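Colleague:
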Amino acid sequence: MATITVTFQLNGKTTALAVEPLTTLRTALREHLHLHATKAGCGQGGCGSCTVLVDGEPILSCLLPVALVEGQSVTTLEGIGGPGELHPLQAAFYDHFAAQCGYCTSGMILAAKALLDRNPTPSREEIMEALSGNLCRCTGYLPIIEAIEDAARQMEAVV
Amino acid sequence: MKQLGIVGQSVKRRDGVGHVTGQTQYVDDVFYPNMLWLQMVRSPVARGKIRRIDTSRAEAMPGVAAVITAQDVPNNWYTILCLIGIEPNDEPVLAHEEVMYEGEPICAVVAETEDIAREAAAQILLDLDIEEQPPVLDVEYAIRPEAPAIKKWGNNTFMYDGMNHRRLRFGDVEAGFAQADYIVEGTYQLSPIEHAPIETHVCVVKPEPDGRLTVHTNTQALYFTMDNTAIILKVPSNRLRMIGGTVGGGFGGKVDVITEPITCIAAMKTRRPVKWRWSREEEFRYSSTRAAVKMEYKDGVMKDGRIVARKVRSLQDAGAYHRHSPYGVQKHMANLPGPYNIPNVWVDAYCVYTNRQPSSAMRGFGVTEASFAIEVQMDRIARTIGMDPWEIRLINAYRNGQMRPVRKIVEDATLVETLQAAAQLVGHELPEHLRAMSSDDYHGRDER
């Protein structure tokens, strides 16, 4: 099958990729670019575990053809922090036991990051609204919400 | 004396940093060069005879590496609980004579990409010839004599020591009912419950040059899975290098050894790494569930709140095959009387087979269902006789030294204290005579 070339910013680096036209962003990230933090939970836009940021907005990467991010900026969990240099959200999820099995965590943290980037002091209701597209089956939502509240406080204190 | 350094302290998870940075490697994150993808051809009907499986057109499709059928499975039986006497074997790894539930695995396609594998599996489904038979879908119907027997042993229940149900008899339940001031009856039912882990079933197998297989699996029971895979493959277990321990949610749904044997066979046949990952639809429709259960309670109760007789009939829908259900019903039977001291108990618990997706393990299976029914029934008793629901439980809660219906002396009762603590936590003030109760206030024989 014919391939197309897609060029976009991935975690701050210009990335070019030759793929079949209907390849999803999730498949491109996981299987072509070997970035595995983005998870496959349902493949039909129902669980939020494949959430990444496209130009700062949370997007379900299992539904989005990678061709549509041409020229845009994509951020995955790998792009916000790693071991030894945790983003405040990552540190808070770690401190609050907000990642039991860890499978929904990547999507949760990125959905939370999009929220805090536009609203640094969200209410609990606004946090719940921002996470309403992300399912967790084992941790429970309360530690996740508490982690985000804590991260918001930490990030405010730094500013 | 050795110091206790951990108890009472919050300890950071060892896998925590991996989880929050996305560096934890789950099975679906394992990719090998030259890896093939597996898709399952599943039964389109709930019950039927397989007339013909024609894989020729699928095998001729470009990119298809192999098709795995029942003939490729060295020992074509799931034997997960054979070590505790759950037999005869009833579930083939791949069906070849009959299918017993919609979604039952019939054959597996292995191809260069997941899409090609899916298309070839769809082709085999088109070429499949199955004679559909009327399914048995209701547990009450399934145990009636006129229902067709879907099991080779001639009925639709697991046979416990020659009986079609697991029974418990303690005291004289009819004498208890005759003595009782009230008879309280209730029927309680649960629908099947899907575990719905965010990570679906995934298995990756890589054949090694020395003849071993490296098996990446998200099973919740690695050694159990190794043993059972070895039995199905007819190889010594030292041929299997099992890598597991990282599970993206399980809840009992990932202990049935369903993905590993087939993925191993595909890797052995093609001599290439193979990945099999389930879609969300497969996870919902074809993975095991918590069983649907119907429980009928009849209790004899005295005016002072003492339960003097309890008779229970329970039907558990095991679905098409054993899996963990016969064992679950055994636990269920023991727990149906509840954590209460009742001198006369009668339990009939049935493990019933139907043409539904198999039910199996899930968090306290057999016990949780009974607890639900018992506690709703306790509230019903309290309402019927006009007694406080805390008091009815505290009066009947089992005490140390009492004999349970399963003929065990209670040695570790904490129910009285747990209820007292719970009352305190929710701000419910118990009267003095209930606060004075203790799990150790039973001294000798009941006068009942």
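Chains as they are written, first to last, in our numbering: chain S, 384 to 542; chain Z, 627 to 1074.
The beta carbon of each residue, even a glycine, is placed where N, CA and C say it ideally should be.
Being a predicted model, the structure only gives us computed values, none of them experimental.
Give the residues from the segment 402-430 of chain S that approach chain Z closer than 9 Å (Cβ to any Cβ), ordered along the chain.
Modeller: The residues in question are Arg413, Glu414, His417, Leu418, His419, Ala420, Thr421, Lys422, Ala423, Gly424, Cys425, Gly426, Gln427, Gly429, Cys430.
Colleague: Give, in chain order, every residue of the segment 652-669 of chain Z whose Cβ lies closer than 8 Å to some Cβ of chain S.
Modeller: Those would be Tyr652, Asp654, Asp655, Phe657, in chain order.
Colleague: Closer than 9 Å by beta-carbon distance: list the chain S residues that pair up with Z/Ile632, in chain order.
Modeller: What Z/Ile632 touches in chain S: nothing, since even the nearest Cβ is about 16 Å away.
Colleague: How is Z/Cys708 classed by DSSP in three states: helix, strand or coil?
Modeller: Looking at Z/Cys708 - three-state DSSP - the assignment turns out to be helix.
Colleague: Does the Cβ-Cβ distance between S/Gly444 and S/Arg409 come in under 8 Å?
Modeller: At residue 444 of chain S the sequence reads Ser, which differs from the Gly that was named. Yes; because the gap between Cβ atoms is below 8 Å, this pair is in contact.
Colleague: Within this structure, are the beta carbons of Z/Tyr727 and Z/Ser817 separated by less than 8 Å?
Modeller: In this structure, Z/Ser817 does not lie closer than 8 Å to Z/Tyr727 by Cβ.
Colleague: Counting only Cβ-Cβ distances shorter than 7 Å, please list the residues of the segment 849-882 of chain Z near chain S, keeping chain order.
Modeller: Listed by position along the chain: Val873, Gly874, Gly875.
Colleague: Just to confirm before moving on: does the CB-CB distance between Z/Asn782 and Z/Ala768 stay below 8 Å?
Modeller: In contact: Z/Asn782 and Z/Ala768 (Cβ atoms closer than 8 Å).
Colleague: Would you mind sorting Z/Trp902 into buried or exposed? The rule is 16 or more other CB atoms within 10 Å of its CB.
Modeller: Buried, by the Cβ-count rule.
Colleague: Of the residues Z/Gly871, Z/Arg932, Z/Gly689, which one's Cα is nearest the Cα of Z/Tyr808?
Modeller: Answer by Cα proximity: Z/Arg932.
Colleague: Return the residue from the list Z/Ile1011, Z/Asn970, Z/Ile1018, Z/Glu995 that minimises the CA-CA distance to Z/Met1063.
Modeller: Nearest option by C-alpha distance: Z/Ile1018.
Colleague: State the Cα-Cα distance for the pair S/Thr488 and S/Ser432, rounded to the nearest angstrom.
Modeller: Cα-Cα distance, rounded: 7 Å.
Colleague: Using the C-alpha atoms, what's the distance from S/Ala450 back to S/Glu403?
Modeller: Whole-angstrom Cα-Cα distance: 9 Å.
Colleague: Pull up the CB-CB distance for S/Thr459 and S/Val435, whole angstroms please, since I reckon it's below 8 Å.
Modeller: Confirmed, Cβ separation roughly 5 Å.
Colleague: Taking 8 Å as the threshold, find out whether the segment 959-970 of chain Z comes into contact with the segment 888-896 of chain Z through three or more Cβ pairs.
Modeller: The segment 959-970 of chain Z, when compared against the segment 888-896 of chain Z, does not touch it at the 8 Å Cβ threshold.
Colleague: Hey, would you say S/Gly446 sits closer than 8 Å to S/Gly428, going by beta carbons?
Modeller: The question names Gly, yet the displayed sequence has Leu at residue 446 of chain S. Yes, they are a contact pair.
Colleague: Following the continuous beta strand (DSSP E) through Z/Ser940, name the residue where it begins and the one where it ends.
Modeller: Here the beta strand (DSSP E) through Z/Ser940 covers 933-945.
Colleague: According to DSSP, simplified to helix, strand and coil, what is Z/Gln635?
Modeller: Coil at Z/Gln635, not helix or strand.
Colleague: Which same chain residues, not among the five before or five after S/Pro526, have their C-beta less than 6 Å away from its C-beta?
Modeller: Only His479, Phe480, Ala481 meet the Cβ criterion.
Colleague: Does Z/Thr650 have its Cβ less than 8 Å from a Cβ in chain S?
Modeller: For Z/Thr650, the answer is yes, since a Cβ of chain S falls inside 8 Å of its Cβ.
Colleague: Can you find a C-beta in chain S that's less than 8 Å from the C-beta of Z/Ile769?
Modeller: It does not; no Cβ of chain S falls within 8 Å.
Colleague: Take S/Ala475 and list the residues in its own chain whose beta-carbon comes closer than 6 Å to its own, dropping the five residues that flank it on each side.
Modeller: Cβ within range, chain order: Ala530, Asp533, Ala534.
Colleague: Anything in chain S within Cβ reach of Z/Ser905, meaning under 7 Å, just list it in chain order.
Modeller: Under the 7 Å cutoff, chain S gives Gly426.
Colleague: Under 8 Å, Cβ to Cβ, is there at least one residue of chain Z near S/Pro466?
Modeller: Yes, S/Pro466 lies at the interface with chain Z (some Cβ there is under 8 Å from its Cβ).
Colleague: What is the rounded straight-line gap between the Cα of Z/Val653 and the Cα of Z/Val900?
Modeller: Distance between the alpha carbons of Z/Val653 and Z/Val900 is about 12 Å.
Colleague: Run the CB neighbour count on Z/Tyr979, radius 10 Å, all protein chains shown included, and call it buried at 16 or more, exposed below.
Modeller: By the neighbour-count rule (16 or more Cβ atoms within 10 Å), Z/Tyr979 is buried.
Colleague: In chain Z, which residues lie less than 8 Å from S/Glu529 when you measure between Cβ atoms?
Modeller: What S/Glu529 touches in chain Z: nothing, since even the nearest Cβ is about 14 Å away.
Colleague: With a Cβ-Cβ cutoff of 8 Å, do Z/Ala721 and Z/Ile732 count as a contact?
Modeller: The answer is yes: Cβ separation under 8 Å.
Colleague: Measure from the alpha carbon of Z/Lys937 to the alpha carbon of each residue in Z/Thr813, Z/Asp930, Z/Arg678, Z/Pro774, then state which is nearest.
Modeller: The shortest C-alpha separation from Z/Lys937 is found at Z/Thr813.
Colleague: Which value, in whole angstroms, describes the spacing of the CA atoms of Z/Ile939 and Z/Asp974?
Modeller: Per the sequence shown, the amino acid found at residue 939 of chain Z is Arg instead of Ile. Distance between the alpha carbons of Z/Arg939 and Z/Asp974 is about 5 Å.
Colleague: Listing by chain order, which chain S residues have their CB less than 7 Å from the CB of Z/His645?
Modeller: Neighbours of Z/His645 on chain S, chain order: Ala482, Gly485, Thr488.
Colleague: Please report the residue range of the beta strand (DSSP E) in which S/Phe391 lies.
Modeller: Run containing S/Phe391: 387-393, per the beta strand (DSSP E) assignment.
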